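In terms of my numbering, the sequence shown opens at residue 473 and continues consecutively.
Where is the CB? At the ideal position from N, CA and C, for every residue including glycine.
In this text the structure is predicted, and so the values were computed from the model without any measurement.
To start, the structure under review is shown below, and the notes come after it.
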Amino acid sequence: MGRRFHVTHHATLSFLSTRESIYAIQYNIRSFMNVKTWPWMKLYFKIKPLLQSAETEKELANMKENYEKMKTDLAKALSTKKQMEEKLVSLTQEKNDLALQVASEGESLNDAEERCEGLIKSKIQQEAKLKETTERLEDEEEINAELTAKKRKLEDECSELKKDIDDLELTLAKVEKEKHATENKVLCVTIASLTKQQTNK
(Lines of atoms letter the chains of each structure in order from A and count residues from 1; the text may use other names and numbers.)
(Lines give C-alpha, C1' and ligand atoms only; values in the text may rest on other atoms or scores of the structure.)
Protein backbone atom coordinates (compact mmCIF):
# COMPACT_ATOMS: atom_id res chain seq x y z
CA MET A 1 0.00 0.00 0.00
CA GLY A 2 2.89 2.39 0.79
CA ARG A 3 4.47 1.88 -2.64
CA ARG A 4 1.15 2.38 -4.43
CA PHE A 5 0.52 5.55 -2.43
CA HIS A 6 4.00 6.86 -3.38
CA VAL A 7 3.41 6.13 -7.08
CA THR A 8 -0.03 7.75 -6.97
CA HIS A 9 1.34 10.80 -5.13
CA HIS A 10 4.22 11.18 -7.62
CA ALA A 11 1.84 10.81 -10.57
CA THR A 12 -0.50 13.43 -9.10
CA LEU A 13 2.35 15.93 -8.60
CA SER A 14 3.60 15.33 -12.15
CA PHE A 15 0.07 15.78 -13.46
CA LEU A 16 -0.33 19.08 -11.57
CA SER A 17 3.05 20.33 -12.89
CA THR A 18 2.11 19.42 -16.46
CA ARG A 19 -1.28 21.09 -16.05
CA GLU A 20 0.40 24.31 -14.90
CA SER A 21 2.70 24.22 -17.96
CA ILE A 22 -0.32 23.74 -20.23
CA TYR A 23 -2.10 26.67 -18.57
CA ALA A 24 0.99 28.88 -19.14
CA ILE A 25 1.22 27.93 -22.82
CA GLN A 26 -2.51 28.42 -23.33
CA TYR A 27 -2.26 31.81 -21.63
CA ASN A 28 0.57 32.90 -23.97
CA ILE A 29 -1.34 31.74 -27.04
CA ARG A 30 -4.52 33.53 -25.93
CA SER A 31 -2.47 36.66 -25.29
CA PHE A 32 -0.99 36.48 -28.77
CA MET A 33 -4.42 35.88 -30.34
CA ASN A 34 -5.76 38.90 -28.45
CA VAL A 35 -3.02 41.33 -29.56
CA LYS A 36 -3.10 40.03 -33.13
CA THR A 37 -6.15 42.20 -33.88
CA TRP A 38 -4.79 45.35 -32.27
CA PRO A 39 -4.17 48.27 -34.69
CA TRP A 40 -0.44 48.45 -34.09
CA MET A 41 -0.20 44.70 -34.62
CA LYS A 42 -2.11 45.03 -37.90
CA LEU A 43 0.24 47.84 -38.86
CA TYR A 44 3.18 45.62 -38.00
CA PHE A 45 1.82 42.90 -40.25
CA LYS A 46 1.37 45.41 -43.10
CA ILE A 47 4.89 46.79 -42.87
CA LYS A 48 6.41 43.36 -42.33
CA PRO A 49 7.17 42.92 -46.07
CA LEU A 50 8.94 46.27 -46.00
CA LEU A 51 11.25 45.21 -43.21
CA GLN A 52 14.31 43.90 -44.99
CA SER A 53 16.92 44.30 -42.31
CA ALA A 54 18.69 41.14 -41.19
CA GLU A 55 17.95 41.87 -37.56
CA THR A 56 14.24 42.19 -38.20
CA GLU A 57 14.14 39.05 -40.28
CA LYS A 58 16.05 37.23 -37.55
CA GLU A 59 13.61 38.37 -34.90
CA LEU A 60 10.69 37.30 -37.06
CA ALA A 61 12.34 33.92 -37.60
CA ASN A 62 12.86 33.58 -33.85
CA MET A 63 9.23 34.48 -33.23
CA LYS A 64 8.11 31.90 -35.77
CA GLU A 65 10.44 29.32 -34.25
CA ASN A 66 9.17 30.12 -30.79
CA TYR A 67 5.60 29.85 -32.02
CA GLU A 68 6.26 26.46 -33.59
CA LYS A 69 8.04 25.37 -30.43
CA MET A 70 5.08 26.53 -28.36
CA LYS A 71 2.74 24.52 -30.60
CA THR A 72 4.99 21.46 -30.22
CA ASP A 73 5.23 21.93 -26.45
CA LEU A 74 1.47 22.34 -26.24
CA ALA A 75 0.93 19.14 -28.21
CA LYS A 76 3.38 17.31 -25.96
CA ALA A 77 1.76 18.78 -22.87
CA LEU A 78 -1.70 17.76 -24.07
CA SER A 79 -0.41 14.26 -24.83
CA THR A 80 1.23 14.07 -21.41
CA LYS A 81 -1.96 15.36 -19.80
CA LYS A 82 -3.98 12.68 -21.56
CA GLN A 83 -1.51 10.00 -20.48
CA MET A 84 -1.57 11.26 -16.90
CA GLU A 85 -5.37 11.37 -16.90
CA GLU A 86 -5.48 7.78 -18.20
CA LYS A 87 -2.91 6.76 -15.61
CA LEU A 88 -4.90 8.55 -12.90
CA VAL A 89 -8.04 6.70 -14.01
CA SER A 90 -6.11 3.42 -13.94
CA LEU A 91 -4.72 4.16 -10.46
CA THR A 92 -8.18 5.18 -9.25
CA GLN A 93 -9.61 1.92 -10.57
CA GLU A 94 -6.76 0.00 -8.96
CA LYS A 95 -7.44 1.80 -5.67
CA ASN A 96 -11.14 0.93 -5.91
CA ASP A 97 -10.29 -2.69 -6.72
CA LEU A 98 -7.97 -2.82 -3.72
CA ALA A 99 -10.67 -1.29 -1.53
CA LEU A 100 -13.14 -3.94 -2.71
CA GLN A 101 -10.53 -6.65 -2.13
CA VAL A 102 -9.85 -5.38 1.38
CA ALA A 103 -13.59 -5.24 2.09
CA SER A 104 -14.02 -8.79 0.74
CA GLU A 105 -11.07 -10.04 2.79
CA GLY A 106 -12.55 -8.28 5.81
CA GLU A 107 -15.86 -10.12 5.28
CA SER A 108 -13.98 -13.40 4.84
CA LEU A 109 -12.08 -12.69 8.05
CA ASN A 110 -15.35 -11.98 9.88
CA ASP A 111 -16.81 -15.25 8.56
CA ALA A 112 -13.70 -17.14 9.68
CA GLU A 113 -13.88 -15.53 13.12
CA GLU A 114 -17.56 -16.47 13.44
CA ARG A 115 -16.79 -20.07 12.42
CA CYS A 116 -13.92 -20.14 14.90
CA GLU A 117 -16.20 -18.87 17.68
CA GLY A 118 -18.77 -21.52 16.75
CA LEU A 119 -16.13 -24.25 16.89
CA ILE A 120 -14.92 -22.99 20.27
CA LYS A 121 -18.49 -23.04 21.66
CA SER A 122 -19.02 -26.53 20.26
CA LYS A 123 -15.72 -27.67 21.80
CA ILE A 124 -16.75 -26.27 25.19
CA GLN A 125 -20.12 -28.04 24.98
CA GLN A 126 -18.48 -31.33 23.99
CA GLU A 127 -15.99 -31.01 26.84
CA ALA A 128 -18.86 -30.37 29.28
CA LYS A 129 -20.70 -33.46 28.00
CA LEU A 130 -17.52 -35.51 28.22
CA LYS A 131 -16.97 -34.33 31.80
CA GLU A 132 -20.55 -35.20 32.74
CA THR A 133 -20.28 -38.64 31.13
CA THR A 134 -16.92 -39.25 32.84
CA GLU A 135 -18.37 -38.30 36.23
CA ARG A 136 -21.36 -40.59 35.68
CA LEU A 137 -19.04 -43.40 34.62
CA GLU A 138 -16.92 -42.84 37.73
CA ASP A 139 -20.07 -42.92 39.89
CA GLU A 140 -21.22 -46.14 38.21
CA GLU A 141 -17.76 -47.65 38.64
CA GLU A 142 -17.83 -46.69 42.32
CA ILE A 143 -21.30 -48.23 42.72
CA ASN A 144 -20.14 -51.32 40.83
CA ALA A 145 -17.11 -51.59 43.12
CA GLU A 146 -19.37 -51.32 46.18
CA LEU A 147 -21.72 -53.98 44.79
CA THR A 148 -18.75 -56.23 44.02
CA ALA A 149 -17.47 -55.78 47.58
CA LYS A 150 -20.93 -56.57 49.01
CA LYS A 151 -21.19 -59.62 46.76
CA ARG A 152 -17.78 -60.84 47.90
CA LYS A 153 -18.78 -60.25 51.54
CA LEU A 154 -22.04 -62.18 51.06
CA GLU A 155 -20.14 -64.99 49.37
CA ASP A 156 -17.74 -65.10 52.33
CA GLU A 157 -20.67 -65.09 54.76
CA CYS A 158 -22.40 -67.86 52.78
CA SER A 159 -19.18 -69.86 52.82
CA GLU A 160 -18.91 -69.42 56.59
CA LEU A 161 -22.57 -70.33 57.01
CA LYS A 162 -22.14 -73.45 54.88
CA LYS A 163 -19.16 -74.44 56.97
CA ASP A 164 -21.19 -73.94 60.15
CA ILE A 165 -24.01 -76.03 58.67
CA ASP A 166 -21.56 -78.78 57.72
CA ASP A 167 -20.11 -78.72 61.24
CA LEU A 168 -23.60 -78.82 62.73
CA GLU A 169 -24.58 -81.74 60.51
CA LEU A 170 -21.46 -83.61 61.59
CA THR A 171 -22.26 -82.86 65.23
CA LEU A 172 -25.87 -83.99 64.77
CA ALA A 173 -24.72 -87.16 63.06
CA LYS A 174 -22.29 -87.83 65.89
CA VAL A 175 -24.97 -87.17 68.51
CA GLU A 176 -27.42 -89.38 66.63
CA LYS A 177 -24.84 -92.11 66.48
CA GLU A 178 -24.07 -91.81 70.17
CA LYS A 179 -27.83 -91.79 70.91
CA HIS A 180 -28.31 -95.04 69.00
CA ALA A 181 -25.32 -96.54 70.76
CA THR A 182 -26.68 -95.51 74.14
CA GLU A 183 -30.15 -96.79 73.28
CA ASN A 184 -28.67 -100.10 72.16
CA LYS A 185 -26.60 -100.29 75.30
CA VAL A 186 -29.62 -99.55 77.49
CA LEU A 187 -31.64 -102.11 75.58
CA CYS A 188 -28.95 -104.71 76.01
CA VAL A 189 -28.69 -103.97 79.72
CA THR A 190 -32.47 -104.17 80.09
CA ILE A 191 -32.66 -107.45 78.24
CA ALA A 192 -29.84 -108.87 80.30
CA SER A 193 -31.51 -107.73 83.50
CA LEU A 194 -34.84 -109.27 82.50
CA THR A 195 -33.16 -112.48 81.49
CA LYS A 196 -31.36 -112.65 84.79
CA GLN A 197 -34.56 -112.02 86.70
CA GLN A 198 -36.37 -114.81 84.89
CA THR A 199 -33.49 -117.15 85.51
CA ASN A 200 -33.55 -116.47 89.24
CA LYS A 201 -37.22 -117.37 89.46
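Residue i versus the options, residue with shortest Cα-Cα distance
| i | options | result |
| --- | --- | --- |
| ALA496 | ALA533, VAL574, LYS530 and ALA549 | ALA549 |
| TYR539 | THR564, ALA645 and ASN500 | ASN500 |
| SER551 | SER493, LYS595 and GLU648 | SER493 |
is_contact[residue i, chain B] using C-beta, thresh 8 Å
| i | result |
| --- | --- |
| ALA617 | Reference to chain B is not applicable here, since this structure consists of a single protein chain. |
Contacting residues, own chain, Cβ-Cβ under 8 Å from residue i (five flanking each side not counted)
| i | result |
| --- | --- |
| ILE663 | none |
| MET542 | ILE497, ASN500 and ILE501 |
| THR671 | none |
| LYS593 | none |
Practice task
Please list the segments of the alpha helix (DSSP H) lying wholly inside the region 530-595, counting only runs of 4 or more residues, in order along the chain.
Solution key: Counting only runs of 4 or more, we get nothing.
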